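Asker: The sequence shown runs contiguously to residue 121 in this note's numbering. Where is the CB? At the ideal position from N, CA and C, for every residue including glycine. Keep in mind the model is a prediction, meaning the values are calculated, not measured. To start, I am sharing the structure in question, which I have written as structure tokens.
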Amino acid sequence: MVTRESFLLRTSPEVLNALRRWARDELRSVNSQVEYLLRAALKDAGRLPPPDDES
67 MVTRESFLLR TSPEVLNALR RWARDELRSV NSQVEYLLRA ALKDAGRLPP PDDES
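Right under this line is the structure:
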């Protein structure tokens, strides 16, 4: 089972509203959208370790 960590993110109202619109367009929650974007950026930068095979 994947463990989850939580943290507080402070951002401007403009950024939050843009995230809300984007998440709605992608049928995701804001939290899921932020995680999706962070994972994509980390992967592109080569900073996200490959997932463990759990098969």
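Taking the continuous alpha helix (DSSP H) assigned at Val-96, which residues delimit it?
Answerer: Translated into the one-based positions of the sequence shown, residue 96 becomes position 30. Its alpha helix (DSSP H) spans residues 96–110.
Asker: Looking at Ala-106: is its Cβ nearer than 9 angstroms to the Cβ of Ser-98?
Answerer: Locating residue 106 in the sequence shown gives position 40, counting from the first residue. Locating residue 98 in the sequence shown gives position 32, counting from the first residue. For Ala-106 and Ser-98, no; Cβs fall outside 9 angstroms.
Asker: With DSSP collapsed to three states, give me the class of Asp-118.
Answerer: Sequence index remark: in the sequence shown, residue 118 carries index 52 (1-based). Three-state DSSP puts Asp-118 in coil, outside helix and strand.
Asker: What would DSSP say about Glu-92, mapped onto helix, strand or coil?
Answerer: Sequence index remark: in the sequence shown, residue 92 carries index 26 (1-based). Here Glu-92 sits in coil by DSSP.
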